[in-house]
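Engineer: Please see the structure below; I have some questions.
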Amino acid sequence: ELLEALGHVTRLRGDLRAWENERETIFELLRRACLSCARHHCLHLASIKDSQMEDAWLFILELRRQNPAR
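27 is the number that UniProt numbering gives to position 27 of the sequence shown; each next residue is one higher, with no gaps.
Following this line, the structure appears as C-alpha cells:
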C-alpha cells in the first residue's frame, strides 16, 4: 500500500496534468498508507528507495506551500 502510494507520488510529480487532477486523491492515498504503516510498524521498509521518500516529502511540502491550511 505504501509502495503503491509512493509510486503514484513519483509519477504525479513529473506530470503537470496529473498534478492538477490527482494531487488531492494521491495525498489521501499517501496519508492513509502512512497511517496504516505506522500502526503496523512498517514505515522502515528496506524496499522504499531514497528517491521515493524524497519525492513524497517534496510532494507534501508543495501541497503545504499551495494550501497553508493543510
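Ideal placement from N, C-alpha and C gives every residue a C-beta, glycine not left out.
How far does the alpha helix (DSSP H) with Asn67 in it reach, from first residue to last?
Structural biologist: Looking at the DSSP string, Asn67 is not in any alpha helix (DSSP H), and its letter there is neither H nor E.
Engineer: Below 8 Å, can you find three or more Cβ-Cβ pairs linking the segment 16-27 to the segment 48-58?
Structural biologist: With a cut-off of 8 Å, the segment 48-58 and the segment 16-27 do not count as touching, because too few Cβ pairs lie within range.
Engineer: Grab me the residues of His8's own chain with a C-beta within less than 8 Å of its C-beta, minus the 5 sequence neighbours each way, in chain order.
Structural biologist: Correct list, in chain order: Glu22, Ile26, Leu29, Leu30.
Engineer: Contact check, Glu1 vs Ser36 under 8 Å by CB: the rounded distance?
Structural biologist: Indeed they touch by this definition, with Cβ atoms about 6 Å apart.
Engineer: According to DSSP, simplified to helix, strand and coil, what is Ile60?
Structural biologist: If DSSP states are grouped into helix, strand and coil, Ile60 belongs with the helices.
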